[in-house]
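*Asks:* Oh and the sequence shown: position 250 is 759 in our numbering, straight run, nothing missing. Okay, here's the structure, questions in a sec.
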Amino acid sequence: MSGRLAHARSIWPTLAMAALAAVVGWHVYTSYRSASWTRDAHIRADTLPVSPDVSGLVEKVYASDNQFVKRGDPLFLVDRARFELAFRRAAAAVEEDRAALAQLHRDASRNDALKDLVAAESVEQVHAKVAEAEAHLHAAEVAADTARLDLDRTVVRAPADGYLNDRVVRAGDYVKAGHAPFSMVDAASFHVDGYFEETRLHGVEPGQPVSIEVMGEPALLHGRVVSLAAGIADRERSADGTMLPNINPTFNWVRLAQRIPVRISIDGRPDDLRLIAGRTVTVTVDTRHTPPATAAHS
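Printed below as a string of structure tokens:
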């Protein structure tokens, strides 16, 4: 009898530990299933096209592949010879029209002084020619300004602070106006796009703090939820010419949670960490924090 009692007493601590482990395990499991985090997240940034405003051969290149540049820095130069000639021709036309207008003004002044000796019709004709010459001069000045602008635009400059891609133009390449031969990453636009399973989205609100772990980096970044996507595409539905919904007649018994895009801002970063669009990150949202706007609304 005493042996059985001793055996029972020795089992109770084991059973208690097993029960405690089961409770802790269940808590960890449910927390894992419901926690607002995802490993399906990536660093993103806006890509800006670098396109010239004029066409021509690339004469000089001032920047190199993957270089960081400031807004307004010269990137490359389009051959200026043709545009310099066009500007000189337009400037000469302005001087010619100014000389012609000055002569007409002198003729008009002389006719006005001798109006008693000059026919009224001649006086009116000269004044009409003055008005016409003034219009010609204005058009010539606009053409000269346009030629000057084209000449200035032969220097293609960076549209923002950022990083050039790895395919910068080379001297001798031909570029077309409005066509981007390469692009750059806007350094001020880095953010994170996290794709959360809908089962982990409960409680996520704009303004909540976020922990950001970049794969391969020891430093932990911080950010905030900016916005949640308002809709995603339905893969079971397609459009046709009737503009009526076309629903897939099959149904998958295994229902997978949809992934909802959530945009997250990045609040600063260590100096030794370079943000690269496309890098994989893990994000965790602190849903215990209620943003002021959300609290006021509720």
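We treat Cβ as the ideally placed atom computed from N, Cα and C, and that holds for glycine. Since this is a predicted model, take the numbers as computed values, not measurements.
Any contact of the region 596-615 with the region 684-693, i.e. 3+ C-beta pairs under 8 Å?
*Replies:* The answer is no - the region 684-693 does not touch the region 596-615, with fewer than three Cβ pairs under 8 Å.
*Asks:* Could you have a look at Glu726 and say whether DSSP puts it in helix, strand or coil?
*Replies:* By one-based count along the sequence shown, residue 726 stands at place 217. It is coil, neither helix nor strand.
*Asks:* So what does DSSP say about Ala780, is it helix, strand or coil?
*Replies:* Indexing the sequence shown from 1 puts residue 780 at position 271. According to the sequence shown, residue 780 is Asp rather than Ala. In this structure, Asp780 counts as coil in the three-state DSSP scheme.
*Asks:* If distances are taken between C-alpha atoms only, which option among Val701, Lys638 and Arg778 comes closest to Gln612?
*Replies:* Here residue 612 refers to the residue found at position 103 of the sequence shown. The shortest C-alpha separation from Gln612 is found at Lys638.
*Asks:* Which of helix, strand or coil does DSSP assign to Thr789?
*Replies:* Translated into the one-based positions of the sequence shown, residue 789 becomes position 280. In this structure, Thr789 counts as strand in the three-state DSSP scheme.
*Asks:* Using only the alpha-carbon positions, how far apart do Val792 and Val771 sit?
*Replies:* For this step, residue 792 is matched to residue 283 along the sequence shown. For this step, residue 771 is matched to residue 262 along the sequence shown. Cα-Cα distance, rounded: 10 Å.
*Asks:* Specify whether the region 651-664 and the region 592-600 touch according to this definition: at least 3 beta carbon pairs, one from each stretch, less than 8 Å apart.
*Replies:* Enough Cβ pairs lie closer than 8 Å, so yes.
*Asks:* Relative to the C-alpha of Leu557, which candidate in Asp695, Ala608 and Gly777 has its C-alpha closest?
*Replies:* The residue labelled residue 557 in the question sits at position 48 within the sequence shown. When each option's Cα is compared against that of Leu557, the closest is Asp695.
*Asks:* From Arg548 to Pro668, what distance separates their C-alpha atoms?
*Replies:* Against the sequence shown, residue 548 aligns to sequence position 39. Against the sequence shown, residue 668 aligns to sequence position 159. For Arg548 and Pro668, the distance between alpha carbons rounds to 33 Å.
*Asks:* Taking a contact to mean a Cβ-Cβ separation below 8 Å, would you say Pro718 touches Ser736 in this structure?
*Replies:* By 1-based counting over the sequence shown, the position of residue 718 is 209. By 1-based counting over the sequence shown, the position of residue 736 is 227. No, these two residues do not count as a Cβ contact at 8 Å.
*Asks:* Once you ignore the five residues that flank Pro583 on each side, which residues in its own chain have a CB closer than 6 Å to its CB?
*Replies:* In the sequence shown, counting from the first residue as 1, residue 583 sits at position 74. Taken in chain order, the residues that qualify are Tyr571, Val664 and Arg666.
*Asks:* From the DSSP output, in three-state form, read off Tyr538 for me.
*Replies:* Here residue 538 refers to the residue found at position 29 when the sequence shown is read from its first residue. In this prediction, Tyr538 has a pLDDT of 49, which is less than 50 and means its spatial position is unreliable; what the coordinates show is noted afterwards. Tyr538 falls in the helix class under three-state DSSP.
*Asks:* Please report the Cβ distance between Val794 and Val734, rounded to the nearest whole angstrom; I am assuming they are in contact, meaning their Cβ atoms lie under 8 Å.
*Replies:* Numbered from 1 along the sequence shown, position 285 holds the residue referred to as residue 794. Numbered from 1 along the sequence shown, position 225 holds the residue referred to as residue 734. At roughly 6 Å, the Cβ-Cβ gap stays under 8 Å, so Val794 and Val734 are in contact.
*Asks:* Specify the secondary structure class of His700 as computed by DSSP and reduced to three states.
*Replies:* By 1-based counting over the sequence shown, the position of residue 700 is 191. His700 falls in the strand class under three-state DSSP.
*Asks:* Under 8 Å, do Tyr704 and Arg768 count as touching if we go by C-beta distance?
*Replies:* The count along the sequence shown starts at 1 and reaches residue 704 at position 195. The count along the sequence shown starts at 1 and reaches residue 768 at position 259. Taking 8 Å as the Cβ cut-off, Tyr704 and Arg768 qualify as a contacting pair.
*Asks:* Does Ile520 come out as helix, strand or coil in the three-state DSSP assignment?
*Replies:* Counting from 1 along the sequence shown, the entry for residue 520 is found at position 11. Ile520: helix per DSSP, three-state reduction.
*Asks:* Is Leu586 helix, strand or coil when you go by DSSP?
*Replies:* Residue mapping note: residue 586 aligns to position 77 of the sequence shown, counting from 1. Three-state result, Leu586: strand.
*Asks:* For His614, does the three-state DSSP call read helix, strand or coil?
*Replies:* For the purposes of this step, residue 614 is identified with residue 105 of the sequence shown, where counting begins at 1. Reduced to three states, the DSSP call for His614 is helix.
*Asks:* Please determine, among Leu646, Asn755 and Asp702, the residue with the shortest C-alpha to C-alpha distance to Arg553.
*Replies:* The sequence position of residue 553 within the sequence shown is 44, counting from 1. With distances taken between Cα atoms, Arg553 lies closest to Asp702.
*Asks:* Under the three-state reduction of DSSP, which class applies to His647: helix, strand or coil?
*Replies:* On the sequence shown, residue 647 is found 138 positions in, with the first residue counted as 1. Helix.
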